[in-house]
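If you're matching positions, the sequence shown starts at 38 in our numbering and goes up one per residue. As structure tokens, the structure follows; a few thoughts come after it.
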Amino acid sequence: MNISIERRLILSFGVTVFILVFEVAGGILSNSLALISDAGHVLTDAFALGLSMIAARISKRPSDFRATYGYQRVGIMAASINGMSLLAISLFIFIESYKRFLSPPEIAVPVMLSIASAGLIGNIVMALILGHGHHDLNLKSAWLHVLGDTLSSVGVILSGVIVYLTGWSYADPVASILIGIIILVGGVRVLKETSSIFLEFTPKGFHVEEIARRIAEIPEVLGVHAIHIWLVAHRRVAFTAHVLVHDQRLSEVELVRQKIEAELKNMNIGHILLQFECAECQNSGLYCQIHSHEDEEMDHHH
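The structure is reproduced here in structure tokens:
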């Protein structure tokens, strides 16, 4: 679906607000915790989508003297807040489910089922609008909210059918607990990814030893050390290293730099900073080092 991230978020936000009003009213009328839990999750969806819209707009701003890497981590921060809101709503659902197990109330099943069915349709529409397989963690966190809510609606409908057919009122809090688990798992996944970026851990799938070995295999390279690799934003990998070479003319060092950067680009590393050091100068006790770097313009539209 060829729709911009911002437009996807705006359309989804409109659908979310409609579902929220519908489910809150339905949950109160039917006295269904599963439906109220689903409405609570929809509320976090509205918050998440609103936050994601703001972050998507700010993330597109180019780099400046205040943010030399750009503002892409604003989207990561929004995703982190969304992840924490998922954990909070799951805790609320678990607490309310426990209360319902102690004292299960009467549930107006027909009202519950009609509202939940409408909510399911709305959530499917939002999931289609947002799409899947995202390269943007901010959009991914919003999509996980919607996916969790879609599964929640299915759980509400199933619990309503069970209560209607068997009269087993515990189906409502049981469904709520399953909904809470789904939301919890989604929140943990988002927080794990965002925390890894903020803590500047080595990105998943990259191995420093393997990268160092591949650089060292280039004939002109004598050694490589002081390697650092991290994510500036989701899937935006940065790399720095010191490279030891023979005493050479600057033009020869430039050719070595091009070879190293070509190797790193094959590994999907786009932001590269290399510092070249002279082996002969180090052995003679003299200070001599040549700097070379490529600072690619970050794509602020992702």
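C-beta atoms are modelled at their ideal positions from N, C-alpha and C, and glycine is treated no differently.
Spatial neighbours of residue i in its chain, beta-carbon cut-off 7 Å, leaving aside the 5 residues before and after
i: K296; result: I255
i: F131; result: I214, G217
i: I73; result: G64
i: A155; result: F59
i: L48; result: I166
i: L57; result: A76, V79, L80, A83
i: W205; result: I199
i: A249; result: V261, I264
i: V148; result: G63, L66, S67
i: V61; result: A76
i: E143; result: N68
Cross-strand partners of residue i (DSSP beta bridge)
i: R273; result: A270
i: A385; result: Examination of residue 385 is not possible in this model, given that the chain is present from 38 through 339 alone.
i: H262; result: H279
Cβ neighbours of residue i in the same chain (closer than 6 Å, five flanking residues each side left out)
i: I219; result: G185, L188
i: S134; result: P210, S213, I214
i: S157; result: Before going on, a small fix: residue 157 reads as Leu here, not Ser. Hits under 6 Å: S190.
i: I234; result: I113, L268
i: P240; result: L268, V274
i: T231; result: I113, A116, S117
i: H328; result: With a pLDDT of only 44 at H328, under the threshold of 50, the placement of this residue in the model should not be trusted; the figure read from the coordinates follows. The residues are Q312.
i: V146; result: G197, V200, Y201
i: G159; result: V52, I56
i: L123; result: I220, G223, G224
Where residue i falls, given that 16 or more other Cβ within 10 Å makes a residue buried
i: Y108; result: buried
i: L66; result: exposed
i: T53; result: buried
i: V111; result: buried
i: F238; result: exposed
i: S127; result: buried
i: E334; result: Bear in mind that the predicted position of E334 carries a pLDDT of just 43, short of 50, making it unreliable; the figure below should be weighed with that in mind. So E334 counts as exposed.
i: R44; result: exposed
i: V245; result: exposed
i: L301; result: buried
i: R137; result: buried
i: G307; result: buried
i: L202; result: exposed
i: L140; result: Reading off the sequence shown, one finds Ser at residue 140, where the question assumed Leu. Per the 10 Å Cβ criterion, exposed.
i: F276; result: buried
i: L236; result: exposed
i: A263; result: exposed
i: I309; result: buried
i: T102; result: It is worth fixing the name first, because residue 102 is Phe in this sequence and not Thr. That one is exposed.
i: A299; result: exposed
i: I161; result: exposed
Cut-off 8 Å between Cβ atoms - residues of its own chain near residue i, not counting five sequence neighbours on either side
i: V280; result: I252, V258, G260, V261, V293, I297, L311, Q312, F313, E314
i: M121; result: G224, L228
i: E289; result: E257
Any non-hydrogen atom of the ligand MN closer than 6 Å to residue i Cβ
i: S96; result: The ligand MN is not part of this structure, which contains no ligands at all.
>> To test your reading of the DSSP string, which unbroken alpha helix (DSSP H) runs of 4 or more residues are found completely within the region 104-142?
In response: 110-139
> Should the region 92-109 be regarded as contacting the region 189-204, the criterion being three or more beta carbon pairs within less than 8 Å?
Replying inline: no
> What are the start and end residues of each continuous alpha helix (DSSP H) run of 4 or more residues lying completely inside the region 172-212, in chain order?
Replying inline: 174-203
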